[in-house]
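Written out below as structure tokens is the structure these notes cover.
Here it is, written out as structure tokens:
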């Protein structure tokens, strides 16, 4: 194997939690609120079905091909040429996705550091992530463990401090227009649950694979709870104006004021955003370099780390002319784009793998035909 590191199922669950929530936490209430209105807190519950579907697809594929990820077993399932082509498509997808994440991060940081050029903001994040990627999957997993409290504790503290400002009437009537608005809101945010797709790249490195299913489910439940609480506290404070804000969580945090002393706590939200983006960018960056080495059949992925670092900065700057254009893409055609690559194609691969299993009389742990003794 190119990567010899091992991680636990718990570390994998933490990684997936970060990957999904890193970009969701700030804009989720406004995205869901456009369709769901006061029922936006229900939307993550419906959208979580996509997360469970994704988890099930990749756990089953991993059962057929336990030591490989989607880039590797694509060649076994649909043939070498088609598999290689699909592998390169996924590599471009990872590069494109990290460009989107980095641009979102830079646009947000520009609100706090308006005089700092966006290329500098992006390049500094890529540089820090580069050291993690060089360290491998174990370093990535340990960094996730270190930063998880810095992600969760500020959110919990913010929720507690906002309790005096909530208006319970803001969530009523619950499903006043039926279930449809909350389902429409779920459609808008389901792209984040698609990101459980990245479990494919971490399952081969697990040292306690028997716990993968349980901790994968726990990760989805943790994501849903965090989204529901974030949406609830936002709608309870901001009411019907939630969807009018680009970053409603930032707006909510400005309501915090204790004795005219403890206020202007936007830095807490910034800390949550930066730690989440750091882990997510590092994870996708790692998958990009590892997958490239696997596609090209080379023994080490580290020579690709520096070139892809420069390339990610360029893609992040090129990805859109402004932030509004990027948001428009993510809320329209981007939904279909991500769903196709992260759900539809893997499901298609799983169906072919099932057919091949039935035709060949079963697959062994390497994904090859079992030999029958006569």
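Residue numbers (the numbering used here): 1403 to 1776. No residue lacks a Cβ here, since even glycine has one placed at the ideal position from N, Cα and C.
In the DSSP assignment, what are the bridge partners of residue i?
| i | result |
| --- | --- |
| residue 1593 | DSSP, once it has assigned bridges, lists no residue as partnering residue 1593. |
| residue 1745 | Paired residues: none, contrary to the question. |
| residue 1646 | Answer is none; residue 1646 lacks a bridge partner. |
| residue 1608 | 1409 |
In this structure, how does DSSP classify residue i when only helix, strand and coil are distinguished?
| i | result |
| --- | --- |
| residue 1574 | coil |
| residue 1444 | coil |
| residue 1477 | helix |
| residue 1514 | coil |
| residue 1776 | Per-residue confidence for residue 1776 stands at a pLDDT of 37, beneath the threshold of 50, marking its modelled position as unreliable; the derived number appears in the next sentence. Three-state DSSP puts residue 1776 in coil, outside helix and strand. |
| residue 1540 | helix |
| residue 1452 | helix |
| residue 1410 | coil |
| residue 1432 | helix |
| residue 1665 | strand |
| residue 1459 | helix |
| residue 1660 | strand |
| residue 1767 | Here the model assigns residue 1767 a pLDDT of 49, short of 50, so the residue's position is not dependable and the matter cannot be decided. |
| residue 1759 | helix |
| residue 1509 | helix |
| residue 1580 | coil |
| residue 1419 | helix |
| residue 1500 | helix |
| residue 1404 | coil |
| residue 1567 | helix |
| residue 1784 | Since the first and last residues shown for the chain are 1403 and 1776, residue 1784 lies out of range. |
| residue 1469 | coil |
| residue 1492 | helix |
| residue 1437 | helix |
Start and end of the alpha helix (DSSP H) containing residue i?
| i | result |
| --- | --- |
| residue 1632 | 1614–1640 |
| residue 1602 | 1601–1604 |
| residue 1424 | Note, residue 1424: premise wrong, no alpha helix (DSSP H); not H, not E. |
| residue 1674 | 1668–1698 |
| residue 1709 | 1707–1720 |
| residue 1728 | 1725–1732 |
Compare the C-beta of residue i against all C-beta atoms of chain D and say whether one is closer than 9 Å.
| i | result |
| --- | --- |
| residue 1651 | The structure shown contains no chain D; it is built from a single protein chain. |
Going by beta-carbon coordinates alone, are residue i and residue j separated by less than 9 Å?
| i | j | result |
| --- | --- | --- |
| residue 1618 | residue 1471 | no |
| residue 1675 | residue 1520 | no |
| residue 1545 | residue 1730 | no |
| residue 1449 | residue 1552 | no |
| residue 1412 | residue 1613 | yes |
| residue 1658 | residue 1728 | no |
| residue 1504 | residue 1715 | yes |
| residue 1638 | residue 1653 | no |
| residue 1446 | residue 1463 | no |
| residue 1678 | residue 1441 | no |
| residue 1508 | residue 1530 | no |
| residue 1409 | residue 1713 | no |
| residue 1718 | residue 1500 | yes |
| residue 1743 | residue 1459 | no |
| residue 1479 | residue 1754 | yes |
| residue 1416 | residue 1555 | no |
| residue 1568 | residue 1635 | yes |
| residue 1583 | residue 1439 | yes |
| residue 1792 | residue 1703 | Since the first residue of the chain shown is 1403 and the last is 1776, residue 1792 is not available in this structure. |
| residue 1592 | residue 1466 | no |
| residue 1721 | residue 1498 | yes |
| residue 1573 | residue 1443 | yes |
| residue 1376 | residue 1407 | In the structure as shown, the chain starts at 1403 and stops at 1776, and residue 1376 therefore has no counterpart that could be examined. |
| residue 1506 | residue 1725 | yes |
| residue 1680 | residue 1527 | yes |
>> If contact is defined by three or more beta carbon pairs under 8 Å, each pair taking one atom from either stretch, is the stretch 1588–1600 in contact with the stretch 1450–1463?
In response: yes
>> Contact between the stretch 1633–1648 and the stretch 1422–1441 is defined here as three or more beta-carbon pairs at a separation below 8 Å; is this criterion met?
In response: yes
> At a cut of 8 Å, does the stretch 1664–1678 reach the stretch 1554–1565 through at least three beta carbon pairs?
Replying inline: yes
>> For the pair the stretch 1485–1500 and the stretch 1691–1698, tell me if three or more CB-CB distances fall below 8 Å.
In response: yes
> Counting Cβ pairs, one atom from each stretch, are 3 or more of them under 8 Å apart for the stretch 1534–1554 and the stretch 1676–1692?
Replying inline: yes
>> Three Cβ pairs or more, each shorter than 8 Å: is that satisfied between the stretch 1507–1514 and the stretch 1734–1754?
In response: no
> Below 8 Å, can you find three or more Cβ-Cβ pairs linking the stretch 1416–1423 to the stretch 1611–1630?
Replying inline: yes
> Taking one C-beta from the stretch 1627–1636 and one from the stretch 1601–1608 each time, how about it: are there three or more such pairs within less than 8 Å?
Replying inline: no
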